[in-house]
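A.B. asks:
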Amino acid sequence: MIDLTINGKKITAEEGSTILQAALNNGIKIPNLCYDKRLKPYGSCRMCIVEVEGQRRLFAACSSPAESGMVVITDTPKLRKFRQTVLELLLVHHPLDCPVCDKAGECDLQDLAYEYGKPEGRFRRHRKEVKPDVRSPLIELSSNRCILCGKCVRICEEHQGRGALGMIGRGFPTVIQPAFGDILDCDFCGQCIDVCPTGAILSKPFKFKGRVWFLEEKDTTCPFCGCGCTLTLGIKEGEILRSRGKTDVGVSKGNLCGRGRFGFDYIYSENRLKTPLMRIGDELVPVPWDEALNFIAKNINAVLN
Numbered sequence: 196m197i198d199l200t201i202n203g204k205k206i207t208a209e210e211g212s213t214i215l216q217a218a219l220n221n222g223i224k225i226p227n228l229c230y231d232k233r234l235k236p237y238g239s240c241r242m243c244i245v246e247v248e249g250q251r252r253l254f255a256a257c258s259s260p261a262e263s264g265m266v267v268i269t270d271t272p273k274l275r276k277f278r279q280t281v282l283e284l285l286l287v288h289h290p291l292d293c294p295v296c297d298k299a300g301e302c303d304l305q306d307l308a309y310e311y312g313k314p315e316g317r318f319r320r321h322r323k324e325v326k327p328d329v330r331s332p333l334i335e336l337s338s339n340r341c342i343l344c345g346k347c348v349r350i351c352e353e354h355q356g357r358g359a360l361g362m363i364g365r366g367f368p369t370v371i372q373p374a375f376g377d378i379l380d381c382d383f384c385g386q387c388i389d390v391c392p393t394g395a396i397l398s399k400p401f402k403f404k405g406r407v408w409f410l411e412e413k414d415t416t417c418p419f420c421g422c423g424c425t426l427t428l429g430i431k432e433g434e435i436l437r438s439r440g441k442t443d444v445g446v447s448k449g450n451l452c453g454r455g456r457f458g459f460d461y462i463y464s465e466n467r468l469k470t471p472l473m474r475i476g477d478e479l480v481p482v483p484w485d486e487a488l489n490f491i492a493k494n495i496n497a498v499l500n
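Here our numbering is used: the first residue of the sequence shown is 196, the next is one more, and so on.
Given below as C-alpha cells:
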C-alpha cells in the first residue's frame, strides 16, 4: 500500500494503481469518458487530466501510476479551462441531438458538457455525415455521435473476447464498425451499449420506448438457465422496456448473454401460460392460483404421508 494526497485529503491506495483508481476507490471524483475499471488504461479522452505538485506538465489520471508521497490536485481554474477545451473539441464533431437521442439522461458526455461546457464554441463545425447502421437486428451503430473513446472496441476484445468491433479509417472519417463493413454479428451481450458514453451505440428494441428518468429499475434473476445472472429491468407503467447488467452485482458481475439482455420480451408472448391449468376430465381448465396451489399442496402431502 502507498500513501498520497489528493485535493488535500490523505488517502491510501494499492501499489500499482493509477491516480484515477486511487481517487475513485477513495470517493474522489475525477471526470472521465474512456475509463472502465475492467479495461486496460487507454487515455484517449484527456478529461481526467490532473496536476501533480512539483511537476510542470499535466497528467492523465487514468494512465499515470500513483506514487507514494504524491500530491495531486484534480480541480483548478487551469484544469477546468483545459477540460472545457477538450469538450469543445469533442462537440465540434458531435451532433447536438439530445432531444431525440435515447442516451439522454444517462449520457456521460451530456453530463460533462453540463458541468464544464461553454455556451458557444470557437471552432468550425466538422461533423461526420454517416447514416446510422441499423442492419443488426438488436444493436444500432450511430457513428455521428461517436467520440472514439474506444470503450466499445476494448470491452468486446478484452472483456468479452469477441472482437466484433474495430476502428475503421484514420483521422476525422474514423468510425467504429465490424470488420470490412459487415453486419454486426456477435454474442449480443450488450456490453458495448452499456459502456458507450454517448448515444453512438443503442439498443434497437428499447429505442424511443421511454426516457430513462421515467423508468423504474428493479433487480431480478434471469430465468433462462441455471447461472442465475442478475438483471436490472427498466420498467415503465408496468411494462419491461429493457434489461441490463450491473458491474460487480450478482454472480454474473454485470455480464449477460444475448438472452438475458434481449430475451425478456417472451413474457408478453401470446403463447405464454399466464394462469394455472388443472386437468378436469380430459380437458385443461383455467383455475385461480389459490385453487391450483391448494391442489398441489394436497397431493404433495398425500405422497409424503
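Virtual Cβ for every residue (Gly too), placed ideally from N, Cα, C.
Since the model is a prediction, treat every value here as computed from it, not as a measurement.
For leucine 410, I'd like the list of residues in its chain whose CB is within less than 6 Å of its CB, leaving aside the five on either flank, ordered along the chain.
C.D. replies: Here residue 410 is taken as the residue at index 215 of the sequence shown, counted from 1. Closer than 6 Å at the Cβ level, and outside the excluded window around leucine 410, lie Gly429, Lys431.
A.B. asks: Is isoleucine 435 helix, strand or coil when you go by DSSP?
C.D. replies: Numbered from 1 along the sequence shown, position 240 holds the residue referred to as residue 435. Reduced to three states, the DSSP call for isoleucine 435 is strand.
A.B. asks: Taking 7 Å as the threshold (C-beta atoms), are leucine 360 and valine 370 in contact?
C.D. replies: Here residue 370 refers to the residue found at position 175 when the sequence shown is read from its first residue. Here residue 360 refers to the residue found at position 165 when the sequence shown is read from its first residue. Their beta carbons are not under 7 Å apart, which means valine 370 does not touch leucine 360 by this criterion.
A.B. asks: Unbroken alpha helix (DSSP H) runs of length 4 or more, entirely within the segment 222 to 289: which are they?
C.D. replies: Runs of the alpha helix (DSSP H) inside the segment 222 to 289: 272 to 287.
A.B. asks: For alanine 255, count neighbouring C-beta atoms within 10 Å of its own C-beta (all shown protein chains included) and say buried if the count is 16 or more, exposed if not.
C.D. replies: Translated into positions along the sequence shown, residue 255 becomes position 60. Buried is the call here.
A.B. asks: Let me know the beta strand (DSSP E) ranges lying completely inside the segment 304 to 358, each 3 residues or longer, listed in chain order.
C.D. replies: DSSP runs (the beta strand (DSSP E)) wholly in the segment 304 to 358: 334 to 336.
A.B. asks: Rounded to the nearest angstrom, what separates glutamate 335 and valine 287 at their Cα positions?
C.D. replies: Working through the sequence shown from its first residue, we reach residue 335 at position 140. Working through the sequence shown from its first residue, we reach residue 287 at position 92. For glutamate 335 and valine 287, the distance between alpha carbons rounds to 22 Å.
A.B. asks: Per DSSP, which residues does isoleucine 462 bridge with? Please list them.
C.D. replies: For this step, residue 462 is matched to residue 267 along the sequence shown. Answer by DSSP bridge pairing: none, since isoleucine 462 is not bridged.
A.B. asks: What is the residue span of the alpha helix (DSSP H) that valine 475 lies within?
C.D. replies: Locating residue 475 in the sequence shown gives position 280, counting from the first residue. For the sequence presented, residue 475 should be read as isoleucine rather than valine. It is not in any alpha helix (DSSP H) - isoleucine 475 instead sits in the beta strand (DSSP E) that spans 472 to 475.
A.B. asks: What separation, rounded to the nearest whole angstrom, lies between the Cα atoms of glycine 376 and cysteine 391?
C.D. replies: Indexing the sequence shown from 1 puts residue 376 at position 181. Indexing the sequence shown from 1 puts residue 391 at position 196. Those two C-alpha atoms are separated by around 20 Å.
A.B. asks: How would you write the range of the beta strand (DSSP E) that leucine 397 sits in, first residue to last?
C.D. replies: Taking the first residue of the sequence shown as 1, we reach residue 397 at position 202. Taken as a continuous stretch (DSSP letters only), the beta strand (DSSP E) holding leucine 397 covers 396 to 398.
A.B. asks: Would you mind stating whether isoleucine 244 and phenylalanine 277 have Cβ atoms separated by less than 7 Å?
C.D. replies: Position 49 of the sequence shown, counted from the first residue, corresponds to residue 244. Position 82 of the sequence shown, counted from the first residue, corresponds to residue 277. The answer is yes: Cβ separation under 7 Å.
A.B. asks: Where does lysine 493 fall in DSSP's three states?
C.D. replies: Your numbering for residue 493 matches position 298 in the sequence shown. In this structure, lysine 493 counts as helix in the three-state DSSP scheme.
A.B. asks: Would you decide whether lysine 346 is buried or exposed? Buried here means 16 or more other CB atoms lie within 10 Å of its CB.
C.D. replies: As a first step, residue 346 must be located in the sequence shown, where it is residue number 151. Per the 10 Å Cβ criterion, buried.
A.B. asks: Going straight from the alpha carbon of leucine 199 to that of valine 247, what length do you get?
C.D. replies: For this step, residue 199 is matched to residue 4 along the sequence shown. For this step, residue 247 is matched to residue 52 along the sequence shown. The straight-line gap from Cα to Cα measures roughly 11 Å.
A.B. asks: What would DSSP say about aspartate 443, mapped onto helix, strand or coil?
C.D. replies: In the sequence shown, residue 443 corresponds to position 248, counting from 1. Here aspartate 443 sits in coil by DSSP.
A.B. asks: Write down the C-beta distance between glutamine 386 and isoleucine 350 rounded to the nearest angstrom, noting that I regard them as a contact closer than 8 Å.
C.D. replies: Within the sequence shown, numbered from 1, the residue matching residue 386 stands at position 191. Within the sequence shown, numbered from 1, the residue matching residue 350 stands at position 155. Indeed, because the Cβ distance is near 5 Å, the residues count as touching under 8 Å.
A.B. asks: Using a Cβ-Cβ cut-off of 8 Å (strictly less than) and excluding sequence neighbours within five positions of glycine 316, which residues of its own chain qualify?
C.D. replies: For the purposes of this step, residue 316 is taken as the residue at position 121 of the sequence shown. Glu283, Leu286, Val287, listed in sequence order.
A.B. asks: Residues in its own chain within less than 7 Å of lysine 205 by CB, not counting five upstream and five downstream?
C.D. replies: Here residue 205 corresponds to residue number 10 of the sequence shown, with the count starting at 1. Closer than 7 Å at the Cβ level, and outside the excluded window around lysine 205, lie Asp198.
A.B. asks: By DSSP's criteria, aspartate 414 is part of a beta bridge. Which residues make up the other side?
C.D. replies: Position 219 of the sequence shown, counted from the start, is the residue given in the question as residue 414. Answer is Thr427.
A.B. asks: Is the number of C-beta pairs between the segment 288 to 302 and the segment 262 to 277 that are closer than 8 Å three or more?
C.D. replies: At 8 Å Cβ cutoff, the stretches do not touch.
A.B. asks: DSSP beta-bridge partners for glycine 361?
C.D. replies: Locating residue 361 in the sequence shown gives position 166, counting from the first residue. DSSP, once it has assigned bridges, lists Gln372 as partnering glycine 361.
A.B. asks: Find the nearest neighbour of glycine 211 within the set Gly453, Glu262, Lys313, judged by alpha-carbon distance.
C.D. replies: Position 16 of the sequence shown, counted from the start, is the residue given in the question as residue 211. Minimum Cα distance to glycine 211 is reached at Glu262.
A.B. asks: Where does proline 576 land, buried or exposed, given buried means 16+ other C-beta within 10 angstroms?
C.D. replies: Because the chain is modelled from 196 through 500, residue 576 falls outside the range shown and cannot be assessed.
A.B. asks: With distance defined between alpha-carbon atoms, name the residue in Cys417, Gly455, Ser337 nearest to lysine 402.
C.D. replies: Walking along the sequence shown from the start, residue 402 turns up at place 207. Of the candidates Cys417, Gly455, Ser337, the one whose C-alpha sits nearest the C-alpha of lysine 402 is Ser337.
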